[in-house]
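Enquirer: Mind looking over this structure? Questions follow.
Chains as they are written, first to last, in my numbering: chain A, 1095 to 1433; chain B, 892 to 1333.
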């Protein structure tokens, strides 16, 4: 049963990156869109993410619940040593979740929009940035359970070039996902060209940010290359991701939105796979070589068993409803306004 | 400020904030669906307008409740890691199920808010009902988890070890039913009176009266029914607390000395030094009856508990008095409104009735916060009653005071923005909707 729970955990993380990420990306690309194009882009984005907006963020809750129920030691270690970046991420989540609703549901559209919009845009960058930092800190051996002073226990556990570059990389991934996603939403040729141009640029940015991650890992002695290239599945995942990125680049010009979305999703899946496969079942690598493993730090048998059943039963309800939600709003474009 | 106090205050603030938003987010969908049902049945445009106006409130409160709930799921670990390390696997079951319920609520809300003219009208209405039901379910589940902290079950505590964990037993602990019932009814009372009060004020101002009158009626009926049910659930809760957490009951009542045929203390100022209550009204033998159903039964006083195991008496006592007092005031108003609905039709339309409802607007939420204070502060000094002390659960990270300031600032600004938003929603009603007549649309 523990494997069922781990599959749910991994899938929930992946879906949060994909769906939540595309969501964050919406705010990020708003930041990098010229003032003239912004209203058009904002409207398209709102139409696309409005109906699924709330659901996208539930994946994070699922991740947290699985961790604290099934793997309490892992949850509490992260909570204690990564307190500061977690608080920063939470601030982003609060600001973003509320600003989105405020700007779309305020009965009066006036100067208050100038308050909501920057909050939305800035928190769209802040949240995935700290999410990336947290993920990187978990696997880069920065957390030191022996640390006694404030800085080494609670600051250097997450603050490093490696973490920062992973944070930036996460932000670019979100922007990339959102850009590819929005191409499919474009109804006229002008929009499509605008979004295609942006998507193409984002691909380069993602690659550059990815390069920075490797450089930072190298300079801090984190064996990132080893992790990815030490076993066959990791290498295959990376090759597949690269090939599909090339295909995406070629396809950007042709009108194949669904294909593009699948490819982008596939790339991110492969990146997450390559990043997690080599240390599985370890999830947190600690300073000094000790690791927290999903298998040795799982909760008692009965807990894992009931958690597994709860997740299975839950997904029977959630998945069809979610698929139907996404399907029906993709089918009937047009009047998406909630007003 | 020391870290322990800061952590407690931050948790109190976060919960105090979340509780208001999640209660509204949990109850408003039922009002919305009632208006929607009336629109589908009677085809009067005004009901459609009320439904749409309320659905925006639902969206705003759902979003705010959802983010503050997300924050809480992190804060449990950020502030109380040692509690979560042991408690997570035991009381996690309701949280896992709540995740499902909440997810379904979010999906259903997507269907509802964006589904106008896209689906069969009754399917669309049904998605709104699902929002309400799944919201209520997640409320019940979260309270069941909290009830476990008051009534730990589903594990054996041996030499500091938590053995033989049974998550189902933990979820269906002895307190889950009475707490969930009391909380859900309280959510209906407070939201009902708050919404009714706002619409009553707008009727008094004479703006878009037809619209606000329809809205007022729906909210007021929900609120009054719930207010009349609440004393029953309060009685169940009192007997339950008396049995399981006698120290909490003693603090609620400032009942210092164990005695048979104990009197019920109303109001008053408890003095822990002299173990007396000044200026209180005392009803002989009533506490014994309330706690056990027997006028002469013995009720444990605070003298039965070591000083270090006693909750702060004054806070719990005052909070309890406030809750009961406000509850009684709302019950009184509910009874008057009922009489008005059944016998004295002219009362229901009268200005004084509306004014009473305006006065009652904040009462439910004040009572809610007070009641929650009784539950949580009354459990102190325990985080898991009788098993783990709150002081032993706090994070080792220093500087929590800064985190407390930060979260407080964020919550205060959110509360201000949401209030502003609601104010604008309400004042825009006459510009957005033309509901002056009962016109029908085919």
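Just so you know, even glycine gets a beta-carbon here, dropped at the ideal spot from N, CA and C.
1. Tell me the rounded alpha-carbon separation between residue 1399 of chain A and residue 1138 of chain B.
2. Specify the secondary structure class of residue 1273 of chain B as computed by DSSP and reduced to three states.
3. Buried or exposed: residue 1172 of chain B, going by 16 or more other Cβ atoms within 10 Å of its Cβ?
4. Locate the alpha helix (DSSP H) running through residue 1047 of chain B, then write down its first and last residues.
5. Please classify residue 1136 of chain A as buried or exposed, where buried requires at least 16 neighbouring CB atoms within 10 angstroms.
6. What do you get for residue 1245 of chain B, buried or exposed, if any count of 16 or more other CB atoms within 10 angstroms of its CB means buried?
7. Quick one: what does DSSP say residue 1188 of chain A is sitting in, helix, strand or coil?
8. Report the partner residues of residue 1156 of chain A according to the DSSP bridge assignment.
9. Check each candidate in B:941, B:986, B:1194 and B:1273 and name the one with the smallest Cα separation from residue 1100 of chain B.
10. CB residue 1386 of chain A to CB residue 1168 of chain A, shorter than 7 Å?
11. Does the distance from the C-beta atom of residue 952 of chain B to that of residue 916 of chain B stay below 7 Å?
12. Just to check, is the beta-carbon of residue 1200 of chain A closer than 6 Å to a non-hydrogen atom of the ligand FAD?
13. Just to make sure I have the definition right: I need the residues of chain B whose C-beta is within less than 7 Å of the C-beta of residue 1200 of chain A. Which are they?
14. If contact means a Cβ-Cβ distance below 8 Å, which residues of the segment 1370–1398 of chain A contact chain B?
15. Count the other C-beta atoms from every protein chain shown that fall within 10 angstroms of the C-beta of residue 1423 of chain A, then say buried if there are 16 or more, exposed otherwise.
16. Quick one: which unbroken beta strand (DSSP E) runs of 3-plus residues sit fully inside the segment 1048–1093 of chain B? Chain order, please.
17. According to DSSP, which residues form a beta bridge with residue 1280 of chain B?
18. Beta-carbon within less than 8 Å of residue 1230 of chain B's beta-carbon, same chain only, minus the 5 sequence neighbours each way: which residues are those?
19. Would you say the segment 931–946 of chain B touches the segment 1353–1363 of chain A, given that touching needs at least three Cβ pairs under 8 Å?
20. How would you call residue 1340 of chain A, buried or exposed, if buried means at least 16 neighbouring beta carbons within 10 angstroms?
21. Would residue 1280 of chain B pass as an interface residue toward chain A - the criterion being a Cβ-Cβ separation below 7 Å?
22. Considering only DSSP beta bridges, list what residue 1253 of chain B is partnered with.
23. Rounded to whole angstroms, how far is the Cβ of residue 1079 of chain B from the Cβ of residue 918 of chain B, which I believe are closer than 8 Å?
24. Is any beta-carbon of chain A found at less than 7 Å from that of residue 988 of chain B?
25. Using a beta-carbon distance below 7 Å, is residue 893 of chain B in contact with chain A?
26. Residue 1185 of chain A versus chain C: which residues are under 8 Å apart at the beta carbon?
27. From the DSSP output, in three-state form, read off residue 1387 of chain A for me.
28. Which class does residue 1116 of chain B belong to by DSSP, given the choice of helix, strand or coil?
29. Given that residue 1146 of chain A touches chain B, what residues does it touch there, using C-beta distances under 8 Å?
30. Using C-beta distances below 6 Å, list every residue in its chain close to residue 1220 of chain A, excluding the 5 sequence neighbours before and after it, in chain order.
31. Go ahead and pull the three-state DSSP assignment for residue 915 of chain B.
32. Judging by CA-CA distance, which residue of A:1313, A:1305 and A:1363 is the nearest neighbour of residue 1328 of chain A?
33. Can you tell which of B:1168, B:1141, B:1314 and B:1252 has its C-alpha closest to the C-alpha of residue 1268 of chain B?
34. Can you give me the C-alpha to C-alpha distance between residue 1334 of chain A and residue 1297 of chain B, rounded to a whole angstrom?
35. Provide the residue span of the beta strand (DSSP E) that contains residue 1168 of chain B, from first to last.
36. Which bits of chain B does residue 1191 of chain A rub up against, with CB to CB less than 7 Å?
Expert: The structure says:
1. Note on geometry: alpha-carbon atoms of residue 1399 of chain A and residue 1138 of chain B lie some 36 Å from one another.
2. Here residue 1273 of chain B sits in strand by DSSP.
3. Burial call: exposed.
4. Taken as a continuous stretch (DSSP letters only), residue 1047 of chain B belongs to no alpha helix (DSSP H), being part of the beta strand (DSSP E) at 1047–1049.
5. Residue 1136 of chain A is classed as buried because its beta carbon has at least 16 other beta carbons within 10 Å across all chains shown.
6. Buried is the call here.
7. Note: residue 1188 of chain A maps to helix in three-state DSSP.
8. Paired residues: none, contrary to the question.
9. Ranking B:941, B:986, B:1194 and B:1273 by Cα distance to residue 1100 of chain B puts B:941 first.
10. Yes, the pair counts as a contact, with Cβ atoms nearer than the cut-off.
11. Yes. Within cutoff.
12. Here there are no bound small molecules, and the ligand FAD is not part of this structure.
13. The contacting residues are 1312 and 1315.
14. Taking 8 Å as the Cβ-Cβ cut-off against chain B, the residues of the segment 1370–1398 of chain A that qualify are 1393, 1394, 1396 and 1397.
15. Flag for residue 1423 of chain A reads buried.
16. As for any beta strand (DSSP E) of minimum length 3 sitting wholly inside the segment 1048–1093 of chain B, the runs are 1052–1054, ordered along the chain.
17. BP columns for residue 1280 of chain B point to B:1273.
18. Here the set comprises 1238.
19. Look at the beta carbons and you see the segment 931–946 of chain B not touching the segment 1353–1363 of chain A: under three pairs across the two are nearer than 8 Å.
20. Exposed: under 16 other Cβ atoms inside 10 Å.
21. For residue 1280 of chain B, the closest Cβ of chain A is not nearer than 7 Å.
22. In DSSP, residue 1253 of chain B forms no bridge with anything.
23. Right, their Cβ atoms sit about 5 Å apart.
24. Cβ-Cβ to chain A under 7 Å: yes for residue 988 of chain B.
25. For residue 893 of chain B, the answer is no, since every Cβ of chain A falls outside 7 Å of its Cβ.
26. Absent from the structure is chain C; the protein chains it does hold are A and B.
27. In this structure, DSSP gives residue 1387 of chain A an extended state, which the three-state scheme calls strand.
28. Helix.
29. Neighbours of residue 1146 of chain A on chain B, chain order: 1001.
30. Within the same chain, residue 1220 of chain A has close Cβ partners 1186.
31. Shown here, residue 915 of chain B sits in a helix according to DSSP, grouped into three states.
32. Ranking A:1313, A:1305 and A:1363 by Cα distance to residue 1328 of chain A puts A:1363 first.
33. Nearest of B:1168, B:1141, B:1314 and B:1252 to residue 1268 of chain B, Cα basis: B:1141.
34. Straight through space, the alpha carbons of residue 1297 of chain B and residue 1334 of chain A are spaced by roughly 44 Å.
35. Residue 1168 of chain B -> beta strand (DSSP E) spans 1167–1169.
36. Neighbours of residue 1191 of chain A on chain B, chain order: 954, 957 and 958.
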